[in-house]
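J.: Under our numbering, read the sequence shown as residues 36 to 324, first letter to last. For each residue, glycine too, the CB sits at the ideal point set by N, CA and C. One structure, as structure tokens, below. Some questions next.
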Amino acid sequence: MNTTPSELHISPKRWRTFAKSLAKILAKSLAMPLAMPLVILAALYGAVVSNAYANDAIANNALAGEALVNKTATQCRRNALYSIYLNGIHTGEMTRTEHWHDKSAVVTSNSEASILGIGTQYQQRAELSWSDATNEWLTNKFHQQVSGFRSRDMQVTFDDTGRRSRVDIDGEVANYVSKEQPLRDVDTLAIQIREHLLQGRQQFALVRQASDGIEPYQFYVQPKQTVTLAPWGDLTLIPVEQTGDEDVTYYFAADMDYQLIKARYHGIILNGLIELDSYTSSCESGSLN
């Protein structure tokens, strides 16, 4: 689905400003396939997805091992499908798949984005693992391919602490260092937010590895809300507000193993929303006991 300036009610002058902002957003990370996938995904980076599907073939190193999840489960999988809205207009769908094995996971995303006539295909494969030394999820490496608008092939590796990264974009290499927090890709970032909720944290900081630098964020847990959402009925949601380069509010469902139910991107011109349509899991539920 292509969205036009008139549908978004944007004047020509604001349209030019928006186009420049959109180029920057798409160039930084057409992700979110990605949960926040997630997901974080489309709402976090403004990617509007017309079609998305998970690549099930990538999953040799998969899940379990969350500090508060039943350790007897050696392998399992989570699948989520989200609808995506831009300024209230339904613009597509997003899928995100996590394959878990012991204390490691592979998260795959595969999407086609179309917004304002700009078509882009996006693929990402991220590998992450649990650090017993620091009790947190760390990104081991990720590979992101974007074709169409601002095409790129981005491969990123991290050291064992997650504090140093090597970013290769189309053969051009840059190295980054984060002194305070480990660097993470967008998928591991979402999983670590959930982990902090399971641990009862109310405020925390995380840093994302972007294509052109590192982006620090602050997160603040807000009071719980009760909403009615089909097909699950009444759900208790925990809002988590993100501040930094991008302002986003995530909503995790305590009734659904603290999975991401929706996320709102708060922009000056564009406001994005992703909302869960379906969810399946073969993983054991977490516990706060």
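Would you call the segment 206 to 214 in contact with the segment 269 to 285, where contact means no fewer than 3 C-beta pairs closer than 8 Å?
T.: no
J.: Taking Thr130 and Leu116 to be in contact with their CB atoms under 8 Å, please state how far apart those CB atoms are, rounded to whole angstroms.
T.: Residue 130 sits at position 95 when you count from the first residue of the sequence shown. Residue 116 sits at position 81 when you count from the first residue of the sequence shown. 5 Å between Cβ atoms; contact.
J.: Specify, as a first and last residue, the run of the beta strand (DSSP E) that Glu230 falls within.
T.: Mapped onto the sequence shown, residue 230 falls at position 195. Segment 221 to 233 is the alpha helix (DSSP H) holding Glu230; no beta strand (DSSP E) there.
J.: Buried or exposed: which applies to Ser26, given that a residue is buried once 16 or more other Cβ atoms fall within 10 Å of its Cβ?
T.: There is no way to answer for residue 26, as the model of the chain reaches only from 36 to 324.
J.: Between Leu241, Tyr252, Asp188, Asp312, which lies nearest to Glu171 when the distance is taken from Cα to Cα?
T.: Taking the sequence shown and counting its residues from 1, the one referred to as residue 171 is at position 136. The option with the nearest alpha carbon to Glu171 is Leu241.
J.: Thinking C-alpha only, which one of Thr315, Leu305, Ser320 is nearest Asn122?
T.: By one-based count along the sequence shown, residue 122 stands at place 87. Of the residues Thr315, Leu305, Ser320, the one whose Cα lies closest to the Cα of Asn122 is Leu305.
J.: Would you call the segment 239 to 256 in contact with the segment 158 to 165, where contact means no fewer than 3 C-beta pairs closer than 8 Å?
T.: no
J.: When we look at the beta-carbon of Ser213 and count the other beta-carbons within 10 Å, is it buried (16 or more) or exposed?
T.: Start at 1 with the first residue of the sequence shown, and residue 213 comes out as number 178. Buried, because 16 or more other Cβ atoms sit within 10 Å of the Cβ of Ser213.
J.: Is Ala288 buried or exposed, if buried means 16 or more other CB atoms sit within 10 Å of its CB?
T.: As a working mapping, residue 288 is identified with position 253 in the sequence shown. Burial state of Ala288 is buried, judged by a 10 Å Cβ sphere holding 16 or more other Cβ atoms.
J.: Using C-beta distances below 6 Å, list every residue in its chain close to Lys259, excluding the 5 sequence neighbours before and after it, in chain order.
T.: Here the question's residue 259 lines up with position 224 in the sequence shown. Hits under 6 Å: Thr271, Ile273.
J.: Could you check whether Leu218 and Tyr293 sit closer than 8 Å to each other, using their CB atoms as the reference points?
T.: Translated into the one-based positions of the sequence shown, residue 293 becomes position 258. Translated into the one-based positions of the sequence shown, residue 218 becomes position 183. Between Tyr293 and Leu218, the CB-CB gap reaches or exceeds 8 Å.
J.: Taking the continuous beta strand (DSSP E) assigned at Asn210, which residues delimit it?
T.: Counting from one through the sequence shown, the residue named residue 210 turns up at place 175. Segment 207 to 212, the beta strand (DSSP E) holding Asn210.
J.: When burial is assigned at 16 or more other CB atoms within 10 Å of the CB, is Gln237 buried or exposed?
T.: Within the sequence shown, the letter at position 202 stands for residue 237. Exposed: under 16 other Cβ atoms inside 10 Å.
J.: For Arg112, tell me which candidate among Ile124, Trp135, Glu128 has the shortest Cα-Cα distance.
T.: Position 77 of the sequence shown, counting from 1, holds the residue named residue 112. Taking only the C-alpha atoms, the option nearest Arg112 is Trp135.
J.: Roughly how many angstroms lie between the CA atoms of Lys176 and Gly268, to the nearest whole one?
T.: The residue labelled residue 176 in the question sits at position 141 within the sequence shown. The residue labelled residue 268 in the question sits at position 233 within the sequence shown. If I take the Cα positions, the gap works out to 38 Å.
J.: The beta strand (DSSP E) with Asn306 in it runs from where to where?
T.: Numbered from its first residue, the sequence shown carries residue 306 at position 271. 306 to 316 is the extent of the beta strand (DSSP E) around Asn306.
J.: Where DSSP assigns a beta bridge to Ile296, which residues make up the other side?
T.: To locate residue 296, count along the sequence shown from 1; it is residue 261. Beta-bridge pairing links Ile296 to no other residue.
J.: Give the DSSP bridge partners of Asn145, in chain order.
T.: The count along the sequence shown starts at 1 and reaches residue 145 at position 110. According to DSSP, which records beta bridges pairwise, Asn145 is partnered with Gln158.
J.: Where do the ends of the beta strand (DSSP E) carrying Glu128 lie?
T.: Against the sequence shown, residue 128 aligns to sequence position 93. From DSSP, the beta strand (DSSP E) with Glu128 extends over 124 to 136.
J.: Going by CA-CA distance only, name the one from Asn114, Gln110, Thr109, Ser118 that's closest to Lys297.
T.: The sequence position of residue 297 within the sequence shown is 262, counting from 1. Nearest option by C-alpha distance: Ser118.
J.: Taking the C-alpha atoms as reference points, what is the distance between Ala78 and His178?
T.: Walking along the sequence shown from the start, residue 78 turns up at place 43. Walking along the sequence shown from the start, residue 178 turns up at place 143. With a pLDDT of 30 at Ala78, under the threshold of 50, the modelled position of this residue cannot be trusted, and the question is left open.
J.: Could you say which of Gln110, Gly197, Ser246, Glu230 lies nearest to Arg185 if we only look at CA atoms?
T.: Counted from its first residue, the sequence shown places residue 185 at position 150. Comparing alpha-carbon positions, the option among Gln110, Gly197, Ser246, Glu230 lying closest to Arg185 turns out to be Ser246.
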